[in-house]
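Working notes, beginning with the structure itself.
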Amino acid sequence: MIELLRQMFAEPEAQADAYAWAAALLGHWAIGAALAVLAMAAARPAAAAAAVSLAYGLLWEGGQLLLAGASPWDSALDWTAVTLGATAAAATWQHRRRLAAAAIAAVVAILTAGVGRRR
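What follows is the structure in structure tokens.
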């Protein structure tokens, strides 16, 4: 697993076909949701989601920008998907249905626009 993470960090890529792009976007969304659930064991939901967003953006995407030559747009999109996943998880945990629905609707809108551009 460590080798996979090292390879993913060192070789950022922007997926060209719609299927791979959608899978990567939803994968980032799931990473944000999962990390937020783990962080909620130690912090309140809103703080956990904010911490996940900040840490992921700075450590992973920021590191890729500085060390691996990642595209700023790809990094911003990945960070946005992680943040929306963390927000949806925290909102669901707190029974804030409208916020959870808004976070999910936002990722669906991004998914629809992105897949449409790759067809």
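Heads up: the sequence shown at position 87 corresponds to 86 in numbering that gives the first Met the number 0, and the numbers run straight through without jumps. Ideal Cβ placement from N, Cα and C applies to all residues, glycine included. Owing to the predicted nature of the structure, the values given are computational and were not obtained by experimental measurement.
8 Å contact criterion, which residue i and residue j should meet: CB distance rounded
| i | j | result |
| --- | --- | --- |
| Ile30 | Gly84 | 7 Å |
| Ala88 | Ala32 | 4 Å |
| Thr86 | Ala47 | About 10 Å; that fails the 8 Å criterion. |
Residue i versus residue j: straight-line alpha-carbon distance, rounded
| i | j | result |
| --- | --- | --- |
| Val114 | Tyr18 | 8 Å |
| Pro71 | Tyr55 | 14 Å |
| Ala50 | Leu64 | 20 Å |
| Ala90 | Leu98 | 6 Å |
| Arg5 | Thr111 | 30 Å |
| Leu53 | Arg43 | 15 Å |
| Leu58 | Ala15 | 25 Å |
| Ala9 | Val36 | 27 Å |
| Ala108 | Leu66 | 31 Å |
| Ala23 | Trp92 | 24 Å |
| Ala69 | Arg116 | 20 Å |
Residue burial classification, residue i (beta-carbon count within 10 angstroms, cutoff 16)
| i | result |
| --- | --- |
| Leu76 | buried |
| His94 | exposed |
| Glu12 | exposed |
| Met39 | buried |
| Val106 | buried |
| Ala100 | exposed |
| Ala104 | exposed |
| Ala102 | buried |
| Ala41 | exposed |
Heavy atom of the ligand MN within 7 Å of residue i beta-carbon
| i | result |
| --- | --- |
| Leu76 | Among the components modelled here there is no ligand, and therefore nothing to report on the ligand MN. |
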